[in-house]
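This report concerns only the one structure given below.
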Amino acid sequence: MTQPAANTSAVLTAQDSLVLASMESGIETQLVLEWLSRQRAGNPDVTFDVLKLPPGDAPPTALNLLVDQLESGEDRSIVPVRVFWLPAPDRGRAAKLAGLLPGWDPYHPNQRRQRQILHKDRHRARVVTGEAATVSELRQQWRDTTVGGDERDFAQFVMRRAILALERAEYRILGPQYKSPRLMKPEILASTRFRAGLKKIPGATVEEAGKMLDELATGWSRVSVDLVSVLARAICRGFEPEIDYDAFQIAAMRTGLELHPAVLLFSHRSYIDGAVVPVAMQENRLPPVHVFAGINLSFGLMGPLLRRSGVIFIRRDIADNPLYKYVLREYVGYIVEKRFNLSWSIEGTRSRTGKMLPPKLGLMSYVANAYLDGRSEDILLQPVSIGFDQLHETAEYAAYARGGEKTPEGVLWLYNFIKAQGERNYGKIYVRFPEAVSMRQYLGPPHGPLAQDDDAKRLALQKMSFEVAWRILRATPVTATGLVCALLLTTRGAALTLDQLHHTLQDSLDYLERKNTPVSNSALRLRTRDGVRAAVDALSNGHPITRVDSGREPVWLIAPDKEHAAAFYRNSVIHAFLETSIVELALAHARHTEGDRMEAFWSQAMRLRDLLKFDFYFADSTAFRDNIAEEMAWHDDWEAHVATGGAAIDALLFAKRPLMSDAMLRVFFEAYEIVADVLRDAPADVGQKELTESALGVGQQYVAQTRVRSSESVSTLLFATARQVVADQDLIAAAPDLAERRIAFRRELRAILRDFGYVEHIARNQFVAREFQAREERIARPAG
1 MTQPAANTSA VLTAQDSLVL ASMESGIETQ LVLEWLSRQR AGNPDVTFDV
51 LKLPPGDAPP TALNLLVDQL ESGEDRSIVP VRVFWLPAPD RGRAAKLAGL
101 LPGWDPYHPN QRRQRQILHK DRHRARVVTG EAATVSELRQ QWRDTTVGGD
151 ERDFAQFVMR RAILALERAE YRILGPQYKS PRLMKPEILA STRFRAGLKK
201 IPGATVEEAG KMLDELATGW SRVSVDLVSV LARAICRGFE PEIDYDAFQI
251 AAMRTGLELH PAVLLFSHRS YIDGAVVPVA MQENRLPPVH VFAGINLSFG
301 LMGPLLRRSG VIFIRRDIAD NPLYKYVLRE YVGYIVEKRF NLSWSIEGTR
351 SRTGKMLPPK LGLMSYVANA YLDGRSEDIL LQPVSIGFDQ LHETAEYAAY
401 ARGGEKTPEG VLWLYNFIKA QGERNYGKIY VRFPEAVSMR QYLGPPHGPL
451 AQDDDAKRLA LQKMSFEVAW RILRATPVTA TGLVCALLLT TRGAALTLDQ
501 LHHTLQDSLD YLERKNTPVS NSALRLRTRD GVRAAVDALS NGHPITRVDS
551 GREPVWLIAP DKEHAAAFYR NSVIHAFLET SIVELALAHA RHTEGDRMEA
601 FWSQAMRLRD LLKFDFYFAD STAFRDNIAE EMAWHDDWEA HVATGGAAID
651 ALLFAKRPLM SDAMLRVFFE AYEIVADVLR DAPADVGQKE LTESALGVGQ
701 QYVAQTRVRS SESVSTLLFA TARQVVADQD LIAAAPDLAE RRIAFRRELR
751 AILRDFGYVE HIARNQFVAR EFQAREERIA RPAG
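Each residue of the sequence shown is one higher than the last, beginning at 1 in the UniProt record's numbering.
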């Protein structure tokens, strides 16, 4: 219960009560005593004692006094009380920043400022009460949940419960965005559950476990909650101030978070994603999240600051540390049990290619264990899509793709990162919260069969995680940046005029509209020439588009040294065109097949899906076939056209708008083919590093010889998944027929690349026909 001082006359109703009062100054003592006088006057039949609740660890004298009071009777009611100082409602940015200074915390003002508040805004000083409990109820909780001990241990337990009750009372006044765990370390270390598990780890001690909890410990200070938007805006400077949300999704998420704890799993393309999630929660008055981050980001003053802003730093390599894994598991379980929310990147690291990476299951398994252990009736996995019009990090990613090394984090790195953010306008940030995934739906009830079956649990976790990722992709809006870069990457360095850009983009927009694909406002504005002009101008000056103004009209192109950066934006929209691109390649394959062309079409579509499974997310095989059949049904008698082959398939492809396979998928198959080519003379069991270095060398040769379309295909990032593809095709391990199978696979990839060339030929004919039509319309316009 929480009530202002003027409305708490019914608080002390038990016949015998002990008030545990937190009073850290003379003014607070005065306010509490005034409140007690009103309680005494309103409840003359109640007898009670008052004991000061000490801040932090209780000294022996205070602890002994509480022990004596708790022995006075099991039916005695314990009522926690303290003064809550409300901050001024009209504080600006400067006042919020000042809250970081000693003595200026608005929630814990010093005595001088307390006097000022009482003089000017007395309503901001409230005496609040936490929920009361009897000694017998508290003693039963103590015995059920902690290792027990003597009466002094019980007294410490009562003090912790009093502090937690007061915290709950205060965040109900402030709002759910201020909810944060308190006293986590002593609560975990004292629990029976934790101590029982600790005994099973050889050599483990409570002291060592406590140090690990200190390393993990986090929480949102109230000042940090107030500052999150200010500080995050500094990190996100360069973007438009208003983040783009979907109001209906936020309303649905708010309802879900009222019922169950949640794990917010976000797509990860930038370091600023970790700042965007807390901002999104705070701006929409949602409960705060506790974001996991690598301990490499805990440097200098950043570590303490981020810990007070909900960041949980975890070690990277914990495979050989059973105690750390156990402490982390129990830490996660405690947060879930207390209904706080967690967050991390479902991919585990930043995507440096622009497309989503496969989900990582490590932290997810800890949450699943907590759920199966019965620490929550359900846990929601909330997908979070974070997208950007532009990012300055694409230059860094392009360097990685060419074989560069990652810059280590540090103070200088952070300074340069924030500085780069302010160098120009990067457009908008888009945040989407699609429908949450229920852990109960995938894992069954707590304590169910999966709790004892690790293999079945892992399979369920994989399915659950892929569903989250799939929902992220389906909710991610297509941006103008991605569409424009995709178009210009297909021209192989040739520039396009504004009219050419405009009329070519319309086919993609028509397709997205027909498929009900989410698109950004910037993409919708591509319907107009002014919208296209705004998009290409925003990307000009080498970011990554080059504009040429020296002729009769401006033209735009992507220079060879900017292809990797442009590919990042293109890759962010591939999910919207993935299935239709596979349709085109399957049609081209059937065009050159003798025999049953319908069978050839379907088998090739499934084969392409299998080859691309390490680079992209797909619907399950049945849904994938249904999606392709639905799209092909847009074309009358499509099956008859495919079965006829030849010119009939040519006509089908020419009528298809847009043709996207060359723009979206060619570079991936070129990367696969380069790796397959390197395998021709590579030894069995060739290592990842050796294979990548050879592929970089061969790829650079092929770029110089124009044997691949662009340098974009020569990428350590693409070669990493290409290595997974060839391993999946069993082309790494030694075998008697290894050489023959490697040659056959390379031959298959070259056939697929020929299909790309065929589709590109049809697309070029489409472009020429549209150019002719546009020219005729321009000629006819004056005469009309």
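For glycine and all other residues, C-beta sits at the position ideal for the given N, C-alpha and C. Owing to the predicted nature of the structure, the values given are computational and were not obtained by experimental measurement.
Query: Coarse secondary structure for T546, derived from DSSP in three states; Result: strand
Query: Within 8 Å, strictly: CB atoms of S522 and T479; Result: yes
Query: Contacting residues, own chain, Cβ-Cβ under 6 Å from N571 (five flanking each side not counted); Result: T353, G354 and K355
Query: Proximity below 8 Å, CB of S351 to CB of F266; Result: no
Query: Helix, strand or coil at L65 according to DSSP, with G and I counted as helix; Result: helix
Query: Rounded straight-line distance, which links the Cα of D662 to that of Y672; Result: 15 Å
Query: D16, enclosing alpha helix (DSSP H) - first and last residue; Result: Careful: D16 lies outside any alpha helix (DSSP H), inside the beta strand (DSSP E) at D16 to S22.
Query: Residues near S136 in its chain [Cβ-Cβ closer than 7 Å; skip 5 each side]; Result: E74 and D75
Query: Burial state of A751 (16 or more Cβ within 10 Å); Result: exposed
Query: Sequence-distant residues of its chain with Cβ nearer than 6 Å to P4 (five each side left out); Result: Residue confidence is low: P4 scores 40 on pLDDT, short of 50, so the model does not pin down where it sits. No coordinate-derived value is stated.
Query: Extent of the continuous beta strand (DSSP E) run through W556; Result: V555 to L557
Query: Cβ distance (whole Å) where L51 is taken to contact Q69 below 8 Å; Result: 6 Å
Query: Beta-bridge partners of K52, as assigned by DSSP; Result: A21
Query: Where Y430 sits in the DSSP three-state scheme; Result: strand
Query: Nearest to G17 (by Cα), restricted to the options M23, N43 and S25; Result: Residue identity differs from the one stated: residue 17 is Ser in this sequence, not Gly. Selected option, being the one with the closest Cα: N43.
Query: Whole-Å CB distance - V147 paired with T192, under 8 Å assumed; Result: 6 Å
Query: Spatially closest choice to A499 from N110, D530 and D150, by CA coordinates; Result: Correcting the residue identity first, residue 499 is Asp in this sequence and not Ala. Of the candidates N110, D530 and D150, the one whose C-alpha sits nearest the C-alpha of D499 is D530.
Query: Span separating the alpha-carbon of H635 from that of M598; Result: 15 Å
Query: Cβ-based burial, S520 [other Cβ within 10 Å; buried from 16]; Result: buried
Query: Beta-carbon proximity check, V367 vs V336, cutoff 8 Å; Result: yes
Query: Contacting residues, own chain, Cβ-Cβ under 6 Å from L63 (five flanking each side not counted); Result: R152 and A155
Query: Proximal residues to Q604 (C-beta, below 6 Å), its chain only, five neighbours per side dropped; Result: A586 and H589
Query: Strand pairing of G387, partner residues [DSSP]; Result: Y430
Query: CB contact flag (N627, E579, <8 Å); Result: yes
Query: First through last residue of the beta strand (DSSP E) which encompasses P261; Result: Run containing P261: none; DSSP gives neither H nor E here.
Query: Assigned exposure category for I732 - 16 Cβ within 10 Å defines buried; Result: buried
Query: CA-to-CA distance, F157 to V726, given in whole angstroms; Result: 59 Å
Query: Residue range of the alpha helix (DSSP H) that includes L718; Result: T716 to D728
Query: Between the CA atoms of Y511 and R764 - distance to the nearest angstrom; Result: 18 Å
Query: Own chain, CB closer than 8 Å to N321, minus 5 neighbours either side, in chain order; Result: R315
Query: Pair within 8 Å by beta-carbon distance, H290 and N341; Result: yes
Query: Local conformation of I582 per DSSP, three classes; Result: helix
Query: Of the listed residues A722, L665, R707 and V703, nearest to L691 (C-alpha basis); Result: A722
Query: One or two residues paired with V519 in a DSSP bridge; Result: V478
Query: 3 or more residues per run - each beta strand (DSSP E) lying fully within the region 415-474; Result: 429-432
Query: Local conformation of S345 per DSSP, three classes; Result: strand
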